[in-house]
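Worksheet: the structure to be examined is printed underneath.
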Amino acid sequence: MLEFCWAQMKSMVKILMLEDSLDDAYLIERVLKKEKVEFQNFVVDSRDEFIDGLTDFDPDIILSDHSLPQFNSREALKLCSKIKPNVPFILVTGTVSEEFAISILKQGASNYILKSNLSRLVPAIEQALKQKELEKNKRDAEEALKAQNIELRRLNNELDKFVYSASHDLRSPLTGLMGLLHIARKNINQPDLLEEYLQKMQDSVDKLDNILVEILEYSYNARFEVSAEKIDINVLVTQSLANLDHLPGYHQINIETEIQQDAELFSDRFRLGLIISSLLKNAIQFLDNSKTNPFIQINIQIGKNLDISIKDNGVGIGKKHLDNIFDMFFRASNLSNGAGLGLYIAKDVVTRLNGTIQVKSQVGKGTEFSVSLPVMDSTKALSDLSYLSASKT
Numbered sequence: 001m002l003e004f005c006w007a008q009m010k011s012m013v014k015i016l017m018l019e020d021s022l023d024d025a026y027l028i029e030r031v032l033k034k035e036k037v038e039f040q041n042f043v044v045d046s047r048d049e050f051i052d053g054l055t056d057f058d059p060d061i062i063l064s065d066h067s068l069p070q071f072n073s074r075e076a077l078k079l080c081s082k083i084k085p086n087v088p089f090i091l092v093t094g095t096v097s098e099e100f101a102i103s104i105l106k107q108g109a110s111n112y113i114l115k116s117n118l119s120r121l122v123p124a125i126e127q128a129l130k131q132k133e134l135e136k137n138k139r140d141a142e143e144a145l146k147a148q149n150i151e152l153r154r155l156n157n158e159l160d161k162f163v164y165s166a167s168h169d170l171r172s173p174l175t176g177l178m179g180l181l182h183i184a185r186k187n188i189n190q191p192d193l194l195e196e197y198l199q200k201m202q203d204s205v206d207k208l209d210n211i212l213v214e215i216l217e218y219s220y221n222a223r224f225e226v227s228a229e230k231i232d233i234n235v236l237v238t239q240s241l242a243n244l245d246h247l248p249g250y251h252q253i254n255i256e257t258e259i260q261q262d263a264e265l266f267s268d269r270f271r272l273g274l275i276i277s278s279l280l281k282n283a284i285q286f287l288d289n290s291k292t293n294p295f296i297q298i299n300i301q302i303g304k305n306l307d308i309s310i311k312d313n314g315v316g317i318g319k320k321h322l323d324n325i326f327d328m329f330f331r332a333s334n335l336s337n338g339a340g341l342g343l344y345i346a347k348d349v350v351t352r353l354n355g356t357i358q359v360k361s362q363v364g365k366g367t368e369f370s371v372s373l374p375v376m377d378s379t380k381a382l383s384d385l386s387y388l389s390a391s392k393t
């Protein structure tokens, strides 16, 4: 029975014994050894030694005599409750009154054993350790529940914000589109005006499409588990760029790509593509039209980690916005044509893949995003990424 407790602790029981009689301490040790209890014992007989034992020895359980020359069990129990409140305290003494026994139990002692009846000692230790484990499990469960409640409130707040902002963002281009349709009908016989209205309608439709794409990407990232596969990073970057070549200004930009690969890459293809696409899209949208040589530099190194750097010489980000650029629905300017989810999704994906993302920017100079993700070998990729996904949701 007691062995089960030790198995849970994965080590021998550490017993702090407050006892001024070496003979009694030896007798208690003999009882424990006779019952095949695996223990490490530390005997003290003063207040200072007892405090040192609590802090330095870090006991699993305390066995305390009642009366010592300058110290007693009541004081010891108070110190134990203050310094090690979760460590069981068992009074092992010669004779005490029933009133005293009841009072010390009320003060927090786990049990009391008379030295004349040490056959009860091992069962009392077993019971105290089991109770300690139950209380620990209860505390852990309460902490986990508290953390889950906090996370649930955060998710509910995020959902409320998402519904409100998404509805507003979808409503705005729809309202503009309906207004343009109404005006176009009135000017159907004026081709020049009609062409202008059709272009504005197309702009509204494009904005709606961008918003819906970001919402779908957000939904995918939030709902589906991380999966891993071998990735050709050159192909992934090429595909990401091809999907963005319709953006205004894309063909004005000189895009430089440098990839150094010293190891195979295993990761979540879709999510890694989201990171690269979001950062590239941000760089394209915020190009500086006043510059004659706009560029985007993509630098990727695959070794112990997957390190991605995307640097541009665009308009840059003001210091007052740097702390907020990864917030949901945050847009530093009206140049953005989406819902303001791109960088938020990129940051969330990086977190799910157990990585880091940093940004450096200066207005008029440009911006650099740096991402670092762990690289896994083929045998660990699936299990590690699945674990990461579960731990982040």
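Be aware that the sequence shown starts at 1, since it is given in full-length UniProt numbering, and climbs by one per residue. Beta carbons are placed, not taken as given, at the ideal position from N, Cα and C, and that holds for glycine.
Query: Rounded straight-line distance, which links the Cα of residue 147 to that of residue 253; Result: 46 Å
Query: Residue(s) in a DSSP beta bridge with residue 17; Result: 43 and 63
Query: Extent of the continuous beta strand (DSSP E) run through residue 366; Result: 366–374
Query: Cα-Cα separation, residue 366 to residue 241; Result: 19 Å
Query: Residue 108 to residue 64 span [Cα, whole Å]; Result: 13 Å
Query: Residues that DSSP places opposite residue 92 in a beta bridge; Result: 113
Query: Residue 128 burial status per 10 Å Cβ neighbour count (16 or more: buried); Result: buried
Query: Cβ-based neighbour list, residue 278, same chain, cut-off 7 Å, excluding 5 preceding and 5 following; Result: 342, 343, 345 and 346
Query: CB contact below 8 Å: residue 27 versus chain D; Result: The structure shown contains no chain D; it holds only a single protein chain.
Query: Collapsed DSSP secondary structure at residue 284 in the structure displayed; Result: helix
Query: Alpha helix (DSSP H) segment containing residue 199, residue limits; Result: 191–223
Query: Which listed residue (122, 105 and 17) has its alpha carbon closest to that of residue 31; Result: 122
Query: For residue 238, the residue or residues it bridges with in DSSP; Result: Partner(s): none; residue 238 has no beta bridge.
Query: Residue from 154, 280, 85 and 41 whose Cα sits closest to the Cα of residue 22; Result: 41
Query: Beta-carbon spacing of residue 239, residue 302 below 8 Å; Result: no
Query: Bridge partner(s) assigned by DSSP for residue 359; Result: 369
Query: Whole-number beta carbon distance between residue 355 and residue 371, since they are thought to touch under 8 Å; Result: 6 Å
Query: For residue 363 and residue 318, believed in contact at Cβ under 8 Å, the rounded distance; Result: 5 Å
Query: CA nearest to the CA of residue 249, picked from 271, 27 and 287; Result: 287
Query: Exposure label - residue 283; buried when at least 16 CB within 10 Å; Result: buried
Query: Nearest neighbour of residue 175, chosen from 151, 97 and 203 [CA to CA]; Result: 203
Query: Residue 135 - DSSP class collapsed to helix/strand/coil; Result: helix
Query: Residue span of the alpha helix (DSSP H) that contains residue 100, given as start and end; Result: 98–106
Query: Residue 264 versus 151, 306, 94 and 126, residue with shortest Cα-Cα distance; Result: 306
Query: Residue 43 to residue 53 span [Cα, whole Å]; Result: 9 Å
Query: Straight-line gap, residue 49 to residue 88 (C-alpha atoms, nearest Å); Result: 18 Å
Query: Reduced DSSP category for residue 52 - H, G, I as helix; E, B as strand; rest coil; Result: helix
Query: Given residue 35 as reference, the closest of 368, 125, 16 and 373 once Cα atoms are compared; Result: 125
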